[in-house]
Amino acid sequence: MELIIRKTTQDAVKLVATIITDAVIEKPNITLGLATGGTMEKLYDKIALMHKEEKIDFSLVKSFNLDEYIGLEPTDKNSYRFYMNHHLFDKINIDKRNTHIPSGVNEDTLEEGEIYEALIEEAGGLDIQLLGIGLTGHIGFNEPLSSFASRTRAKTLAPTTLAQNGPYFGSAEKTPKRAMTMGVGTILDAGMVIMLATGASKADIIAKTVEGPITPMISASALHFHPNCIIVCDEAAAEKLQNKDYYNSIFETDPKWEPYRNI
Ligand code: F6R
């Protein structure tokens, strides 16, 4: 795991956007695993801007989103399909037929999980999986106690997550209680994982994820098992890490970060 700390949210977002667009330039038919949520809105704005200004071509890119609320039609404005079209897909030249999000309306959730896993496999797996982090330490909607071997399936959302996402629905009570989500095992199979965490509200869970014990009570701690995982934080989200100087020295010293140091 590598921990990269940037001064501002904007700097952290720019760095992640550059890593992703560089990967798209290098492999135009890349398969990206995508996330939703407040953190990603700024990232998708930046990627859309880079597409426009730097002519980054997404025409051959395939994508798989992490999750979708159970019960929401893709046309529902709180669905993650609606979110992705609105924040990213309608602003870049991706072919929407190559974009995938688990169905929230297939009543057979076991079947839906199998269909989604098969689609990922057919695409040759995920080259890069982008992640945010929830206050429970979830990645995707893998709430505490998710098996590190789990695959795409239905999960019940934790009360903390219902409260975190409640404002989008008017209240925690109105928030769907369950979601389809890629499993921790699905995420760990990606070629590379990039987590973006910004803001002071993420400081506690980032410190626990990075420097605390590996535990199924914090699904993100499973990322220590991934051989190519980067966590990019702004200073607010990195605030409670004990070893910031060490992480900064790696970024300053490792030649592979050279092109990204001044971003
Ligand atoms: C969304 C997802 C979640 C979010 C996490 C952080 O697809 O998988 O894990 O990334 O809940 O959400 P925000 O960015 O709203 O704090």
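Here this note's numbering runs 478 ahead of the position in the sequence shown, where the first position is 1. Just so you know, even glycine gets a beta-carbon here, dropped at the ideal spot from N, CA and C.
Integer-rounded CB distance, given that residue 604 should sit under 8 Å from residue 496: That belief does not hold up - the Cβ atoms of residue 496 and residue 604 are roughly 19 Å apart, past 8 Å.
Local conformation of residue 576 per DSSP, three classes: If DSSP states are grouped into helix, strand and coil, residue 576 belongs with the helices.
Validate contact between the segment 617-624 and the segment 583-599 using beta carbons, cut 8 Å, 3 pairs: Judged by Cβ distances under 8 Å, the segment 617-624 makes no contact with the segment 583-599, as fewer than three pairs qualify.
Neighbourhood of residue 647 by C-beta, 7 Å cutoff - its chain only, sequence neighbours within 5 removed: 556 and 653
Residue 637 Cβ short of 7 Å to the ligand ATP heavy atom set: Here the bound small molecules are the ligand F6R; the ligand ATP is not part of this structure.
Any 3 or more C-beta pairs closer than 8 Å across the segment 704-717 and the segment 676-686: When C-beta atoms of the segment 704-717 are compared with those of the segment 676-686, three or more pairs fall below 8 Å, so the two segments count as touching.
Beta bridge counterpart(s) of residue 543 as assigned by DSSP: 512
Beta strand (DSSP E) segment containing residue 712, residue limits: 707-712
Residues bridged to residue 608 [DSSP beta-bridge criterion]: DSSP lists 672 as partners of residue 608.
Beta-carbon spacing of residue 494, residue 536 below 8 Å: no
Presumed contact (8 Å Cβ cut-off) between residue 670 and residue 606, rounded CB distance: 5 Å
Residue burial classification, residue 595 (beta-carbon count within 10 angstroms, cutoff 16): Buried, since its Cβ has 16 or more Cβ neighbours within 10 Å.
Residues near residue 514 in its chain [Cβ-Cβ closer than 6 Å; skip 5 each side]: 558 and 561
Pair within 8 Å by beta-carbon distance, residue 747 and residue 545: Since the first residue shown for the chain is 479 and the last is 741, residue 747 is missing from the structure and cannot be characterised.
Residues that DSSP places opposite residue 657 in a beta bridge: 547 and 633
Selected residue, minimal CA-CA separation from residue 612, among 639, 589 and 570: 639
8 Å Cβ cutoff, residue 595 in contact with chain C: Protein chain content of the structure displayed is limited to a single chain, and chain C is not contained in it.
Residue nearest to residue 485 in terms of C-alpha spacing, selected from 722, 737, 708 and 500: Looking from the CA of residue 485, the closest CA among 722, 737, 708 and 500 belongs to 722.
Which residues DSSP lists as bridging residue 482, in chain order: 710
Cβ-based neighbour list, residue 758, same chain, cut-off 8 Å, excluding 5 preceding and 5 following: Residue coverage of the chain in this structure runs from 479 to 741, which leaves residue 758 outside it and unanswerable.
heavy atom of the ligand F6R below 7 Å from residue 700 C-beta: no
Sequence-distant residues of the same chain with beta carbon closer than 7 Å to residue 680, five excluded per side: These residues qualify, in order along the chain: 611 and 715.
For residue 693, the three-state DSSP class (helix, strand or coil): strand
Beta-carbon gap between residue 629 and residue 587 smaller than 8 Å: no
Residue 695: CB within 7 Å of a non-hydrogen atom of the ligand F6R: no
Boundaries (first-last residue) of the alpha helix (DSSP H) holding residue 595: 587-600
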